[in-house]
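One line per chain: the protein sequences are A and B, in this order.
Heads up: the first sequence begins at 642 in the working numbering, then just goes up one per residue.
Heads up: the second sequence begins at 642 in the working numbering, then just goes up one per residue.
Note that CB positions come from ideal geometry on N, CA and C, so glycine has one too.
2 protein chains.
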Amino acid sequence: MHSITLIGLAAAFCTTAAFVPQVLRILRTGNVDGISLSMYSIFTLGVLLWLGYGIVLRDLPMILANLVTLILAAAVLGLTLRTRLRVRNRAVAA
Amino acid sequence: MHSITLIGLAAAFCTTAAFVPQVLRILRTGNVDGISLSMYSIFTLGVLLWLGYGIVLRDLPMILANLVTLILAAAVLGLTLRTRLRVRNRAVAA
């Protein structure tokens, strides 16, 4: 296997797997204070576009990497949104 | 311009520009509580690998997109690290 292919695979693995510790941290601490909802909204849209791009090009590695990233980024987006709404509802109820 | 190229450009723009609101939020609030240092360490490494991948392939769009993402992701990583160290030093000093 060419070294350039290895670099590409390592890059795809890192930029995909990187979101796992962020999801775990939110699940463990329930803390989403510093997280930007705008970032994850725009990023998730971008990954969705990369997924579409990969499907049109029938590029399986690109499809698989972006499918996993989409699930993880959407998880961070959903968890952050849910936590923020809960905090706000509690404040309103108090 | 082919629609597929437009999808690729839109995807690259979103997954690059997405980090700007995260950097601005940290600068505005100084709050990095929910942010995972492991995520940004692995993600920044991954973007660095994508940059190397683009250089080897002499792919200018890939080089430019990943260069900007690298700067932004490294900024979030650096700001988060700096803020965490400050908080810890204050706790030790107290």
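Item, Value
"Identify the contact partners of Ile667 of chain B in chain A, using a Cβ-Cβ distance below 9 Å as the criterion.", "Gly675 and Ser677"
"With 16 as the cutoff for other CB atoms within 10 Å, does Gly649 of chain B come out buried or exposed?", "buried"
"Here's the rule: buried if 16 or more other CB atoms are within 10 angstroms of the residue's CB, otherwise exposed. What is Ala659 of chain A?", "buried"
"Please report the straight-line C-alpha distance between His643 of chain A and Leu647 of chain B, rounded to a whole angstrom.", "30 Å"
"Please classify Ser677 of chain A: does DSSP put it in a helix, a strand, or coil?", "coil"
"Within 8 Å of any Cβ in chain A, is that where the Cβ of Met680 of chain B sits?", "yes"
"So, does the segment 673 to 687 of chain B touch the segment 663 to 682 of chain A, judging by three or more C-beta pairs under 8 Å?", "yes"
"I want to verify the contact list: residues of chain B whose CB lies under 8 Å from the CB of Ile645 of chain A, in sequence order.", "Tyr694, Val697 and Leu698"
"Rank A:Ala652, A:Trp691, A:Val709 and A:Asp700 by C-alpha distance to the C-alpha of Val661 of chain A and give the top, closest one.", "A:Val709"
"If you draw a straight line from the C-alpha of Ala734 of chain B to the C-alpha of Arg727 of chain B, how long is it?", "10 Å"
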